[in-house]
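So the structure is just underneath, and the comments pick up after that.
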Amino acid sequence: MEYWVRKMSFFLISNKLLSVNSLKKSFGGLQAVNVDSLEFSNNEITSLIGPNGAGKTTFFDLLTKFQSPDQGQIFFDGKDVTSLQSYKLARLGMTRTFQLTRVFEKMSVLENMQFSGSSIKNESISMSLLKSKSLVNFEKNLENEVDRILELLNLSHMKYSYARELSGGQKKLLELGRALIRNPKLLLLDEPLAGVNPKLAEEILDIIKKLSTDGINIIMVEHNINAVMKISERVVVMAGGEIIADGYPEDVRKDKHVIEAYLGKANE
Amino acid sequence: MKDSRKYLVAFGLLVISFGYIFISNETGVARIFVNLLTFAGIYGLAAIGINVHFGWTGLLNFGHAAFMGIGAYTTILLIPHALGREGVVVESGLPLPLAVIIGMIAAALLGLLLGLPTLRLRGDYLAIVTIAAAEIFRLLIRDFEDITGGVYGVIQFSDALQNLRPNFITNLATNIEVSSSQLWVGTITWISIVVTLLFLNRLQKSPWGRALRAVREDEDAVRALGKNAVWLKLQSFMLGASIGGLSGILLAFNYGTLQASTFVPVLTFYLWAALILGGVGSLAGPALGAVIFWVIISGTDSLAEVFFENANGQQLAGVRFVFVGLLIMFTMIFTPSGILGKKDELLLDIK
Chain A
1 MEYWVRKMSF FLISNKLLSV NSLKKSFGGL QAVNVDSLEF SNNEITSLIG PNGAGKTTFF
61 DLLTKFQSPD QGQIFFDGKD VTSLQSYKLA RLGMTRTFQL TRVFEKMSVL ENMQFSGSSI
121 KNESISMSLL KSKSLVNFEK NLENEVDRIL ELLNLSHMKY SYARELSGGQ KKLLELGRAL
181 IRNPKLLLLD EPLAGVNPKL AEEILDIIKK LSTDGINIIM VEHNINAVMK ISERVVVMAG
241 GEIIADGYPE DVRKDKHVIE AYLGKANE
Chain B
1001 MKDSRKYLVA FGLLVISFGY IFISNETGVA RIFVNLLTFA GIYGLAAIGI NVHFGWTGLL
1061 NFGHAAFMGI GAYTTILLIP HALGREGVVV ESGLPLPLAV IIGMIAAALL GLLLGLPTLR
1121 LRGDYLAIVT IAAAEIFRLL IRDFEDITGG VYGVIQFSDA LQNLRPNFIT NLATNIEVSS
1181 SQLWVGTITW ISIVVTLLFL NRLQKSPWGR ALRAVREDED AVRALGKNAV WLKLQSFMLG
1241 ASIGGLSGIL LAFNYGTLQA STFVPVLTFY LWAALILGGV GSLAGPALGA VIFWVIISGT
1301 DSLAEVFFEN ANGQQLAGVR FVFVGLLIMF TMIFTPSGIL GKKDELLLDI K
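Next up, the structure:
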């Protein structure tokens, strides 16, 4: 019986890019994430907001398999990916960034990008030793692609610098670029604007918007409500590990539960 | 430090240390040099293996002696030898090159065996596991007397290598009055270093080397970008282990006998000293560090006599390591990334 329910649910959601089914994760007695069902469809910028400790980052970790759920299922691009390891999931086209930026500090910007874009096949010892023509050509094309993306991100002038020499905002950009060079289907951005000055934040928002029109699906966690309202087509609000609101930005803004979650209950 | 200055410092240090040994020994200088350079080469080669682990991939391996040991025992037991207390002679065996390859593979397999359960762990945990594993390995070797000769070890295996010695090496050795067998081991050691470095140089600049550096920097980011960090670490662990295996084989041939007590933990720490002196992450650094380490080991006797009158052997042995310690201290203060290391890639800040 349960098997058929699973099968059926698979058919029902297979036209969706990403969906989760009764996803639960707790740490000791704390229910960090408890999401009954959530679907993300193609060609959307979705923002995930909520007060601190709402479980947004844990939810992200579950989606990308950086943590395993206690129960529930995750479907990505028509496949059940619940038991997949994180790097395999990333190979299917789901790429994430981190709340605390994770660039390879002691590698150059170019190397950061090259590593991300290089093919798994070329990264074997034997291929690397042989240095075949196809590998050399691949690396040459890769560098052109890196140049194109660095141009898009205004990082061209830092190409040969070590990544740790970049400013906080530039590191965010590099992390974004590193995700982009993999041509992801779905990009999960964990606070892409945190610690970034308003002008650079504006630029990053423009880039995100452009990526979305280019056909990349984006889910982001962000605290900057103004930015969220401006670019999102859909806003999902979490509090205490659960989804408390889901809809168009304008509607969510007026939602009673959301206001309560952020400001606390009004005195009666 | 700029690159040219770095090499100038390295060259200067070598000139000073060699000059010192030259001046402080009136007789048998050639013999001292051959002995020093052979040991330094073997240690350098082993340290190059650790450098692949730590400098390239960020893996803290404190059990390198085990990789050297398994390489040595596998190879030596596969060629003609005499075993144990009774000296049981085994006359048949594989040809040496084949035995060496199998020995290196055995070391790589031990790396796989150790790596599979432990490489999911982070930094310091791996260090603890490797040091324990190396001790377990050494004690097993010591106690399985039927196979390994136990505390009596293995003897009479040098011919397999010495039969391959070309005449000009023998002639040269006679002319400069050094041991011809050690000169031959030393020559092979330094050829091995050059070949290994050429091989590693190609790898370091390849996508594979780049991927290892990324693992060293941040494993989670590597996973997020669709790369199998554990597999990359395993490969690095196996490669470094097989280089260690090769150096263990050479060490056995240099001693002419093979005993479990050679592969004590302190051997691993000498290798680390050489690596830190020479420069973590640089290609030739470990070999240079090993040379300087051995100059101190074999050159401090006369220096110690300046401080102590009629110093006995035990005091001299102590003084050696005071000098090693001092040199590591000065290295850490004045050029923390080692003599040939890149300052920008200083790697001693382990998370």
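Quick mapping for you: the protein sequence lines, in order, are chains A and B. Using the working numbering, the letters of the first sequence correspond one by one to residues 1 to 268. Using the working numbering, the letters of the second sequence correspond one by one to residues 1001 to 1351. By construction, the Cβ of each residue, glycine as well, lies at the ideal position given by its N, Cα and C atoms.
Helix, strand or coil at residue i according to DSSP, with G and I counted as helix
i	result
Leu186/A	strand
Ala194/A	coil
Ser20/A	It should be pointed out that residue 20/A corresponds to Val in this sequence rather than to Ser. Correct three-state label for Val20/A: strand.
Thr1130/B	helix
Glu250/A	helix
Ser83/A	coil
Ile13/A	For Ile13/A, the pLDDT reaches just 47, beneath the cut-off of 50, and the residue's location in the model is therefore unreliable, although a value from the coordinates is still provided. Three-state DSSP puts Ile13/A in a helix.
Lys1351/B	Caution applies to Lys1351/B, whose pLDDT of 39 falls short of 50 and renders its modelled position unreliable; the value that the coordinates give is listed next. Three-state result, Lys1351/B: coil.
Ala1082/B	strand
Met1329/B	helix
Ala1010/B	helix
Met107/A	coil
Lys1227/B	coil
Glu268/A	Caution is warranted here: a pLDDT of 49 is assigned to Glu268/A, below 50, making its placement in the model unreliable, and the coordinate value is therefore given only provisionally. In this structure, Glu268/A counts as coil in the three-state DSSP scheme.
Leu26/A	Looking at the sequence itself, residue 26/A is Ser, so the reference to Leu does not match. Strand at Ser26/A.
Ser68/A	coil
Pro1336/B	coil
Asp1003/B	helix
Thr101/A	coil
Ala1284/B	coil
C-beta atoms of residue i and residue j nearer than 8 Å
i	j	result
Ser1181/B	Ser1206/B	no
Ile218/A	Leu173/A	no
Ala1107/B	Ala1241/B	yes
Val33/A	Thr58/A	yes
Lys121/A	Met113/A	no
Ile181/A	Glu145/A	yes
Thr1057/B	Lys1342/B	no
Gly177/A	Ile149/A	yes
Gly1299/B	Ser1024/B	yes
Pro249/A	Met229/A	yes
Leu1250/B	Thr1189/B	yes
Ala1066/B	Phe1137/B	yes
Gln1259/B	Gly1153/B	yes
Gln1156/B	Trp1184/B	no
Gly72/A	Leu17/A	no
His1064/B	Ile1048/B	no
His257/A	Ile243/A	no
Phe66/A	Ala1221/B	no
Asp190/A	Val221/A	yes
Residues bridged to residue i (per DSSP)
i	result
Gln1314/B	In the DSSP output, where bridge partners are listed per residue, Gln1314/B has none listed.
Gln73/A	Asn21/A
Ile243/A	Met238/A
Leu1258/B	Val1154/B
Delimiting residues of the beta strand (DSSP E) encompassing residue i
i	result
Met238/A	Arg234 to Ala239
Asp36/A	Leu30 to Phe40
Val1090/B	Val1088 to Val1090
Leu48/A	Ile45 to Ile49
Arg96/A	Met94 to Arg96
Val221/A	Asn217 to Val221
Closer than 7 Å: residue i CB and nearest the ligand NAP heavy atom
i	result
Ile243/A	The ligand content of the structure shown is nil, which means the ligand NAP is not present either.
Residue span of the alpha helix (DSSP H) that contains residue i, given as start and end
i	result
Met1068/B	His1064 to Leu1078
His257/A	Lys256 to Leu263
Val1034/B	Val1029 to Asn1051
Val225/A	Per the sequence shown, the amino acid found at residue 225/A is Ile instead of Val. Ile225/A -> alpha helix (DSSP H) spans Ile225 to Ile231.
Tyr1270/B	Pro1265 to Gly1278
Val1105/B	Here the sequence assigns Ile to residue 1105/B, which means Val is not the residue at that position. That run of the alpha helix (DSSP H) goes Leu1096 to Thr1118.
Asp1218/B	Counting along the chain, Asp1218/B falls outside any alpha helix (DSSP H), and DSSP gives it neither H nor E.
Val1185/B	Ser1180 to Gln1204
Asn52/A	Counting along the chain, Asn52/A falls outside any alpha helix (DSSP H), and DSSP gives it neither H nor E.
Glu1145/B	Glu1145 to Thr1148
Gln1162/B	Asp1159 to Gln1162
Leu1172/B	Asn1167 to Asn1175
Problem set entry | Complete runs of the beta strand (DSSP E) confined to the region 117-179 of chain A [at least 3 residues] | none
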